[in-house]
Amino acid sequence: MKKRRILVTTLFMSDNSYFRIRLSQVPAELEDIITTHCFECGASGVTEALAFTQPDLTYDPQLLHVRAHEMDVFFQERPECNFFDGLLEHSQGIKWHIYEEENKDWLEEWKKGFKPFKLVGDFWVVPSWLQPPAECKHAIYIDPGMAFGTGTHATTQMMAFFIHKLSEKYKNDIANWAMLDVGTGTAILAMLAQMSGMGLVTGIEIDPEARRVARENVKLNKLTQIEIPETQIEDMREQYDVVVANIIDGVLINIKKDLLRVLKPGGHMLLTGILEERDNHFFEKFMENSGLTVIRRLEKDEWVGYWVQS
Numbered sequence: 003m004k005k006r007r008i009l010v011t012t013l014f015m016s017d018n019s020y021f022r023i024r025l026s027q028v029p030a031e032l033e034d035i036i037t038t039h040c041f042e043c044g045a046s047g048v049t050e051a052l053a054f055t056q057p058d059l060t061y062d063p064q065l066l067h068v069r070a071h072e073m074d075v076f077f078q079e080r081p082e083c084n085f086f087d088g089l090l091e092h093s094q095g096i097k098w099h100i101y102e103e104e105n106k107d108w109l110e111e112w113k114k115g116f117k118p119f120k121l122v123g124d125f126w127v128v129p130s131w132l133q134p135p136a137e138c139k140h141a142i143y144i145d146p147g148m149a150f151g152t153g154t155h156a157t158t159q160m161m162a163f164f165i166h167k168l169s170e171k172y173k174n175d176i177a178n179w180a181m182l183d184v185g186t187g188t189a190i191l192a193m194l195a196q197m198s199g200m201g202l203v204t205g206i207e208i209d210p211e212a213r214r215v216a217r218e219n220v221k222l223n224k225l226t227q228i229e230i231p232e233t234q235i236e237d238m239r240e241q242y243d244v245v246v247a248n249i250i251d252g253v254l255i256n257i258k259k260d261l262l263r264v265l266k267p268g269g270h271m272l273l274t275g276i277l278e279e280r281d282n283h284f285f286e287k288f289m290e291n292s293g294l295t296v297i298r299r300l301e302k303d304e305w306v307g308y309w310v311q312s
C-alpha cells in the first residue's frame, strides 16, 4: 500500500494543464538532494510515495524502510533537458515517466456531484450552496469541508435511521434527554438529533479542522444550542441518555470503557462503523459482558450498526 507525503506545497497551476513527472528508483540517501534539484529546475511541488503497513484502521500506519523511493514532481511547463540530465548525474538508476494532466478545481468538481437528497423521514441533506427542493420539509445544510459526514455513507445513513426511530419511539421524552455524538465530523447527526427534538446535544471530535467545520454547520443551521467543545471523551464527566458513535469498529473497542462510562443507566447507545467481516470480533470484544441489550441490528453494504440499551 502507498500514501503520499507532500514535501512542499507550492502548487499553483494557472493554465489548463500541468506536468507530473513520476520518478522511480530514487536512492533513499539522495532524496533530499533530488528534491532540491527539482526545485532548482522550476518544480512547483514534490511529493513522495511512502510504503507503509496498516493491519486495520485501529492502528497507525507504520512506515517501511526501503532503499529506493518513488516521487512525483510537478511543473507548470514541461521541464528542460537539464532537469533530466541532472537526475542522471546524481544516479544513473533513476527512471521517469512524464504525464500531462488537466488542471482542475477539484473542490468545485466535487461540488457538482453533491446534490440535495433525502436522509431519513422528512429530513434532507442540502449542500450549503444550493436551494432545497420543493419536497424538502426539513433541510440540514452541510458544507463538509475536510470533515467526514455528508450523509451519503452507509454508516451515517444507518445512524440517521437509528436516531429517527429513537425520536419517534420516545417523542414524549427526548426533549428532556441529552445526547453525546462521539466523532461528530460535520455534526450532521448532532443536527439531525436536535432537529428531531433532542433536548441537549453535544458533539465531540478529535480533529481540530472537523470541530471548526462542525461549528460552522451548526451556525449555518441556526442550531447554536448544540455544543462542540474541545473536550475529548476521556475527559467527559457528564452522563448522557443517548450516546452516538459512528467510528470504525477497532476504535469503538478501544474506547469502550469511556463510551459505557458516559452512558446513563438505562440509556441508549447507537453504534455504527462496524465492518461486517469483523462483526463477530466486535460483538465478542464490545457487547459480551458489557451489560448492553441489543434493541436492533442493521446491515447496509459491508457495514453493521447496533442500537443497544444499558
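Numbering (my numbering), first residue to last: 3 to 312. Glycine included, C-beta positions come from ideal geometry on N, C-alpha and C. Small disclaimer: the values here were computed from a predicted structure and weren't measured.
Is Ser19 buried or exposed, if buried means 16 or more other CB atoms sit within 10 Å of its CB? So Ser19 counts as exposed.
Considering Cα atoms alone, identify which of Ile255, Lys120, Asp87 and Gly275 is closest to Phe150. Among Ile255, Lys120, Asp87 and Gly275, the Cα nearest to that of Phe150 belongs to Gly275.
Based on the DSSP secondary-structure assignment, which residues constitute the bridge partners of Leu25? DSSP output for Leu25 lists Met73 and Trp98 as bridge partner(s).
Within 10 angstroms of the Cβ of Arg7, are there 16 or more other Cβ atoms? Answer buried if so, exposed if not. Caution applies to Arg7, whose pLDDT of 38 falls short of 50 and renders its modelled position unreliable; the value that the coordinates give is listed next. Arg7 should be labelled exposed.
So, Cys40 versus Val68, is the Cβ gap smaller than 8 angstroms? Val68 sits away from Cys40, with the two beta carbons spaced by 8 angstroms or more.
Sufficient close CB pairs (3 or more, under 8 angstroms) joining the segment 213–230 to the segment 184–203: The segment 184–203 and the segment 213–230 touch, with three or more beta-carbon pairs separated by less than 8 angstroms.
Separation of Asp237 from Phe288, as counted between CA atoms: The alpha-carbon separation between Phe288 and Asp237 amounts to approximately 21 angstroms.
Does Val68 come out as helix, strand or coil in the three-state DSSP assignment? Note: Val68 maps to coil in three-state DSSP.
Less than 6 angstroms between C-beta atoms, sequence neighbours within five positions excluded: which residues of the same chain meet that for Lys120? The answer, listed in chain order, is Trp126.
For Ile176, the three-state DSSP class (helix, strand or coil): Looking at Ile176 - three-state DSSP - the assignment turns out to be helix.
Distance check for Lys113 and Asp87, CA to CA, integer angstroms please. Rounded to the nearest angstrom, the two C-alpha atoms are 42 angstroms apart.
Among residues of its own chain, excluding the 5 on either side of Ile249, which ones have a beta-carbon nearer than 6 angstroms to its beta-carbon? Hits under 6 angstroms: Gly185 and Gly275.
So if DSSP puts Ser19 in a beta bridge, which residue, or which two residues, is it bridged to? Under DSSP, Ser19 forms a beta bridge with Glu104.
By the three-class DSSP mapping on this structure, what secondary structure does Glu42 have? Looking at Glu42 - three-state DSSP - the assignment turns out to be helix.
Assuming Ala216 and Gly205 form a contact by the criterion Cβ under 8 angstroms, report the distance between their Cβ atoms to the nearest whole angstrom. Distance from Ala216 to Gly205 at the Cβ level is roughly 6 angstroms; contact confirmed, criterion being Cβ atoms closer than 8 angstroms.
Classify Asp243 as buried or exposed, calling it buried when 16 or more other Cβ atoms lie within 10 Å of its own Cβ. So Asp243 counts as buried.
Which of helix, strand or coil DSSP assigns to His140: Here His140 sits in strand by DSSP.
Own chain, CB closer than 8 angstroms to Leu254, minus 5 neighbours either side, in chain order: Correct list, in chain order: Ala247, Leu261, Leu273, Gly275, Ile276, Phe284 and Phe288.
Let me know if Val296 comes out buried or exposed under the rule of 16 or more other beta-carbons within 10 Å of its beta-carbon. Burial call: exposed.
Once DSSP output is grouped into helix, strand and coil, what is the label at Pro231? Coil at Pro231, not helix or strand.
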